[in-house]
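Okay, structure first, notes after.
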Amino acid sequence: MENIFNFTKIELESFLVQKGYKKFLASQIFNWLYEKKEYDFAKFTNVKKETVEFLKNTFDTSFIEIAKVEEDKDVKKFLFSLKDGQKIESVLMYHNYGLSVCISSQVGCNMGCKFCESGRLKKVRDLETYEMLQQVIAIGNYINQKIDSVVIMGIGEPFDNYDNVIKFINLINDPKVLAIGARHITVSTCGLVPKIKAFADLGLQINLALSLHAPTDEKRKQIMNIANAYSLKEVFAALKYYQEKTKRRVTIEYIMLDKINDTQDDALTLAKLIKNYNVYVNLIPYNETKNIEFKASKQTQIDLFYNTLKKSGVDVTVRHKFGDKISAACGQLRSKEI
Ligand code: SF4
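Going left to right, the sequence shown walks through residues 3 to 340 as our numbering numbers them.
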C-alpha cells in the first residue's frame, strides 16, 4: 500500500478520479491530513462510510517514528525509525528569524565527502517523499509549532534522490500542505552538474546552496569524491545556467578545515573563482568527530579567511555553530546505533 503522504494534490485527484471518485475527495483528504492533522480515515466525518473503507484498503497512513530526541540550547535532534527499521536524523534549529528544520534525503550517502560523518555510512536507499515530508510534520507536531523554513542538508545528497526531493519541495510549498514559502526552502548539493541544470529548468524560487569547500580542482579532489566526476569549470557552468534561468543568488558553502583549504591564498583563489557570480559565501566552522582525522580551522585562520574575502568584495558570513554537543551539527548526522 502506498503511503498517502507520497501524493501531491494533483496526483491524488487523478488517482481518485481513475477509481471513480470525485476530485473533491482529494481536497477533503488534504484538509484532514494537513489542516486538522487527523491521520485516521475512520475519523473523516464528512466522508461516506464506503469511501472510508476504500481509503483504508488503498492507502497507508503510517508515520515514521520518533525514536529519540536530544537537545542542546538552540537545537533539537530527532532520530527517526523508518518502516523498514532504517534510521535517519533531522535537526530543529531555533533561529532568531524562526524555526528551521534540516531534513535527511537518503539513508546514508554515496558522495563520500571525506570530512563528513554522515557520508561514512554508504547509501542504503533513497527516502520516499513521505519520509521527508513526515520529518517536518512530525517535528512540527512534537513541538506543536509551525515550522518556518526547511533545509535539505541532512544525511544524503538531495540531487541523488532528485524526483522524490522535487516532489517533497512541491508538497511543503503547497499552501494546502505546509505552506512553506519557496524562499524559505533551501536545497544543498555537492555539485551534481546535470541535476543543477535540471533544477534550473524548473524555474523554482527555492534557495540553492552549493557545497564547494575548496577553490581548486586539486584541493577539492582531496576532500570530495564528486570533484573526480565534475570539474569546477563544469560546476560553475551549471551555476551560470542556473542563475540565467532563475536570477537567484546562490549560497556557496565552505567548510573550514585546518591546513587543508583555509589559507589566505585559498581565500584569494576563491574570491577570483566566484567574482563573476551572484553568490554569497557561508564559511562553516568544522565540527570535529572522533572518526575523521580532519581538524577545525583555528579562529584566527577563519578571521583571516573572512577578512580576505571581504576585502576582495565577497559577500561572506560565518555560520553560527549549532548543536555540536549533541552531534547534530553539519556533517555529524549519523545514527549512533549504526
Ligand atoms: S557532505 Fe553531504 S553529500 Fe557529502 S557525504 Fe556528507 S551527506 Fe553526502
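Backbone N, C-alpha and C define an ideal beta-carbon position, used for all residues, glycine too.
>> Pop quiz: residue 199 and residue 243 are said to be a contact at Cβ under 8 Å. What is the actual Cβ separation, rounded to whole angstroms?
In response: Their Cβ separation, rounded to whole angstroms, is 6 Å, which keeps residue 199 and residue 243 in contact under 8 Å.
>> Cutting at 8 Å between CB atoms, please list the residues of its own chain near residue 95, excluding the five before and the five after it.
In response: Closer than 8 Å at Cβ, skipping near neighbours: 76, 77, 101, 102, 103, 104, 324 and 325.
> Are the CB atoms of residue 107 and residue 129 nearer to each other than 8 Å?
Replying inline: Yes, Cβ-Cβ distance for residue 107 and residue 129 is below 8 Å.
> Does the beta carbon of residue 182 fall short of 7 Å from some heavy atom of the ligand SF4?
Replying inline: Using a cutoff of 7 Å, the CB of residue 182 does not count as near the ligand SF4, since none of the ligand's heavy atoms is closer than that.
>> Please state the DSSP three-state secondary structure of residue 109.
In response: Strand.
> Going along the chain, which unbroken runs of the beta strand (DSSP E) with 3 or more residues stay wholly within the stretch 220-305?
Replying inline: Within the stretch 220-305, the complete beta strand (DSSP E) segments at least 3 residues long are 252-258 and 281-287, listed from N- to C-terminus.
> Where do the ends of the alpha helix (DSSP H) carrying residue 70 lie?
Replying inline: Taken as a continuous stretch (DSSP letters only), residue 70 belongs to no alpha helix (DSSP H), being part of the beta strand (DSSP E) at 67-74.
> From which residue to which residue does the alpha helix (DSSP H) around residue 381 run?
Replying inline: Nothing can be reported for residue 381: it is not among the residues displayed for the chain, which extend from 3 to 340.
> When you compare each of 277, 180, 172 and 91 to residue 155 by their alpha carbons, which one comes out closest?
Replying inline: Cα-wise, what sits closest to residue 155 is 91.
> Can we say the stretch 210-219 touches the stretch 173-185, given the rule of at least three CB pairs closer than 8 Å?
Replying inline: Segment contact: the stretch 210-219 against the stretch 173-185, fewer than three CB-CB distances shorter than 8 Å; contact not assigned.
>> Quick check on this structure: which residue in 85, 54 and 53 has the alpha carbon closest to the alpha carbon of residue 68?
In response: Taking only the C-alpha atoms, the option nearest residue 68 is 85.
> Helix or strand or just coil, what does DSSP make of residue 97?
Replying inline: DSSP places residue 97 in strand when its eight states are reduced to three.
>> Could you check whether residue 132 and residue 33 sit closer than 8 Å to each other, using their CB atoms as the reference points?
In response: In this structure, residue 132 does not lie closer than 8 Å to residue 33 by Cβ.
>> So for residue 318, helix, strand or coil by DSSP?
In response: Strand.
>> With H, G and I counted as helix, E and B as strand and the rest as coil, what does DSSP make of residue 86?
In response: Looking at residue 86 - three-state DSSP - the assignment turns out to be coil, as it is neither helix nor strand.
> Mapping DSSP to helix, strand and coil, what is residue 187?
Replying inline: The answer is strand: DSSP assigns residue 187 an E or B state.
>> Suppose you measure from the CA of residue 193 to the CA of residue 212; what does that come to, to the nearest Å?
In response: So the alpha carbons of these two residues sit roughly 6 Å apart.
> Apart from the five residues on each side of it in sequence, which residues of its chain come closer than 8 Å, Cβ to Cβ, to residue 88?
Replying inline: Cβ neighbours of residue 88 beyond the five flanking positions: 109, 126 and 127.
> Relative to the ligand SF4, is the shortest distance from any of its heavy atoms to the C-beta of residue 104 smaller than 7 Å?
Replying inline: Not under cutoff, so the answer is no.
> Where DSSP assigns a beta bridge to residue 206, which residues make up the other side?
Replying inline: Per DSSP, none; premise fails for residue 206.
>> By the three-class DSSP mapping on this structure, what secondary structure does residue 102 have?
In response: Three-state DSSP puts residue 102 in a strand.
> Whole-angstrom Cβ separation of residue 226 and residue 115, contact assumed at under 8 Å?
Replying inline: About 5 Å separates the two Cβ atoms, so the contact holds.
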